[in-house]
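Numbering (my numbering), first residue to last: 7 to 407.
No residue lacks a Cβ here, since even glycine has one placed at the ideal position from N, Cα and C.
Nothing here was measured: the structure is a model prediction, and the numbers come from that model.
Notes to accompany the following structure.
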């Protein structure tokens, strides 16, 4: 294995998982010496009265309010409304209850209150013909303790992508101080999500592990996480539908979501890699515009984005295939790369996911606008291995329409 140079960002987030894990909330609040805890959640969680009562009971006199109106994709006006409620209450702790929407909104709220700037002022900037940059947000931020019900890959991030309702584009905010101090995976709370909602959150794990393993020389500190996520996803994601009352698949996939986050916290300084950013860029644009869900969107775009990266990423995809055991050293790179893509396609077929853009409600005439949106995505500007030409992206999108 070739020696690698890289930087890894570790963090001290505490995780409490299992039956009655929510019982650790009070001690964590006391550890932070917080006096005013404000709960935020979406409309689906607002109907889970038992869960919210358990949260309130753990907080006791420290509970000072709740905002129950968060919405999918974190529309900026809604997040602003929530931020005003949190600030007005004088909160010194934010407790998001739910999945990605709650986790992302909490970080955006912490930035909005801490910096006293608009979301547009804080958002990543995209100057023409230059690399994007994120403004430095130096002010202290309200700490966050998450009570998660879904295995969102947003759980451990330090950024937030909220929806600009005027442009129908994402506003990307970044501040590592907003990473959750603690997170709670309580079995009863995790079982509140409908099977379809839970599936939508984690169905991309298998394909994501393949993409993360697709690099010439793996980083040892992350390699095992990527391999384990592949096997956890392959075993447990289909069981979300086939065994909907069994908590084990959900709790295993909560761990997989955490590992995806943890394993992404490194930067390689010496080796380009295929980051397949077309998937996240086009996926973000499509999901923002048509509200089709990140899971189904990834099912359509995932295999296509891998083929889009060929032949440049052929050897990298072959490495991924061999890492998870769907190819071996006797398999040619071309065959191994195809085996990786086929594995993902078959996985999505097994859980009855769409394979065409038209199935997501995307009008064919919108493809040029989607391609234009995609080309300003942060990671595409930094992608050194795949083609970034808008015309080629339009061709790919037309092929899978």
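Reduced DSSP category for residue i - H, G, I as helix; E, B as strand; rest coil
{"i": "residue 39", "result": "coil"}
{"i": "residue 17", "result": "coil"}
{"i": "residue 208", "result": "helix"}
{"i": "residue 253", "result": "helix"}
{"i": "residue 189", "result": "strand"}
{"i": "residue 148", "result": "coil"}
{"i": "residue 166", "result": "strand"}
{"i": "residue 459", "result": "An answer regarding residue 459 cannot be provided, because it is not within the stretch 7 to 407 covered by the chain."}
{"i": "residue 47", "result": "strand"}
{"i": "residue 225", "result": "coil"}
{"i": "residue 31", "result": "helix"}
{"i": "residue 96", "result": "coil"}
{"i": "residue 271", "result": "coil"}
{"i": "residue 230", "result": "helix"}
{"i": "residue 64", "result": "helix"}
{"i": "residue 5", "result": "There is no way to answer for residue 5, as the model of the chain reaches only from 7 to 407."}
{"i": "residue 307", "result": "helix"}
{"i": "residue 409", "result": "One cannot answer for residue 409 here, as it falls past the ends of the chain, which runs 7 to 407."}
{"i": "residue 244", "result": "coil"}
{"i": "residue 89", "result": "helix"}
{"i": "residue 175", "result": "strand"}
{"i": "residue 105", "result": "coil"}
{"i": "residue 71", "result": "strand"}
{"i": "residue 131", "result": "strand"}
{"i": "residue 261", "result": "helix"}
For residue j and residue i, the rounded distance between their alpha carbons
{"i": "residue 130", "j": "residue 37", "result": "33 angstroms"}
{"i": "residue 17", "j": "residue 24", "result": "22 angstroms"}
{"i": "residue 384", "j": "residue 376", "result": "Bear in mind that the predicted position of residue 384 carries a pLDDT of just 48, short of 50, making it unreliable; the figure below should be weighed with that in mind. Residue 384 and residue 376: Cα-Cα distance of roughly 15 angstroms."}
{"i": "residue 407", "j": "residue 243", "result": "26 angstroms"}
{"i": "residue 79", "j": "residue 301", "result": "13 angstroms"}
{"i": "residue 368", "j": "residue 124", "result": "31 angstroms"}
{"i": "residue 146", "j": "residue 12", "result": "28 angstroms"}
{"i": "residue 293", "j": "residue 199", "result": "20 angstroms"}
{"i": "residue 388", "j": "residue 26", "result": "In this prediction, residue 388 has a pLDDT of 48, which is less than 50 and means its spatial position is unreliable; nothing more can be read from the coordinates."}
{"i": "residue 120", "j": "residue 107", "result": "20 angstroms"}
{"i": "residue 380", "j": "residue 149", "result": "32 angstroms"}
{"i": "residue 249", "j": "residue 154", "result": "21 angstroms"}
{"i": "residue 90", "j": "residue 74", "result": "13 angstroms"}
{"i": "residue 229", "j": "residue 258", "result": "18 angstroms"}
{"i": "residue 365", "j": "residue 14", "result": "39 angstroms"}
{"i": "residue 88", "j": "residue 118", "result": "10 angstroms"}
{"i": "residue 307", "j": "residue 203", "result": "19 angstroms"}
{"i": "residue 313", "j": "residue 95", "result": "51 angstroms"}
{"i": "residue 399", "j": "residue 336", "result": "33 angstroms"}
{"i": "residue 295", "j": "residue 170", "result": "11 angstroms"}
{"i": "residue 345", "j": "residue 352", "result": "10 angstroms"}
{"i": "residue 172", "j": "residue 317", "result": "38 angstroms"}
{"i": "residue 224", "j": "residue 42", "result": "44 angstroms"}
{"i": "residue 159", "j": "residue 303", "result": "15 angstroms"}
Counted within 10 angstroms of its Cβ, other Cβ atoms place residue i as buried (16 or more) or exposed
{"i": "residue 265", "result": "buried"}
{"i": "residue 218", "result": "buried"}
{"i": "residue 166", "result": "buried"}
{"i": "residue 359", "result": "buried"}
{"i": "residue 392", "result": "Residue placement at residue 392 cannot be trusted, given a pLDDT of 44 that sits under 50; what the coordinates show is reported in the next sentence. Under this definition residue 392 is a buried residue."}
{"i": "residue 139", "result": "exposed"}
{"i": "residue 184", "result": "buried"}
{"i": "residue 232", "result": "buried"}
{"i": "residue 7", "result": "Its pLDDT being 47, under 50, residue 7 is placed unreliably in this model, and the value from its coordinates should be taken loosely. Flag for residue 7 reads exposed."}
{"i": "residue 54", "result": "buried"}
{"i": "residue 331", "result": "exposed"}
{"i": "residue 334", "result": "exposed"}
{"i": "residue 362", "result": "exposed"}
Residue j beta carbon less than 8 angstroms from that of residue i
{"i": "residue 30", "j": "residue 190", "result": "yes"}
{"i": "residue 220", "j": "residue 76", "result": "no"}
{"i": "residue 110", "j": "residue 44", "result": "no"}
{"i": "residue 98", "j": "residue 40", "result": "yes"}
{"i": "residue 48", "j": "residue 104", "result": "yes"}
{"i": "residue 320", "j": "residue 151", "result": "no"}
{"i": "residue 177", "j": "residue 82", "result": "yes"}
{"i": "residue 402", "j": "residue 310", "result": "yes"}
{"i": "residue 263", "j": "residue 161", "result": "yes"}
{"i": "residue 196", "j": "residue 253", "result": "yes"}
{"i": "residue 350", "j": "residue 247", "result": "no"}
{"i": "residue 51", "j": "residue 205", "result": "no"}
{"i": "residue 19", "j": "residue 270", "result": "no"}
{"i": "residue 193", "j": "residue 156", "result": "no"}
{"i": "residue 325", "j": "residue 222", "result": "yes"}
{"i": "residue 60", "j": "residue 28", "result": "yes"}
{"i": "residue 114", "j": "residue 46", "result": "no"}
Residue i CB to nearest heavy atom of the ligand PLP below 7 angstroms
{"i": "residue 341", "result": "As for the ligand PLP, it is missing from this structure, which has no ligand bound."}
Which full runs of the alpha helix (DSSP H) of 4+ residues lie inside the stretch 321-406, going along the chain? 339-356, 373-380, 384-387, 396-405
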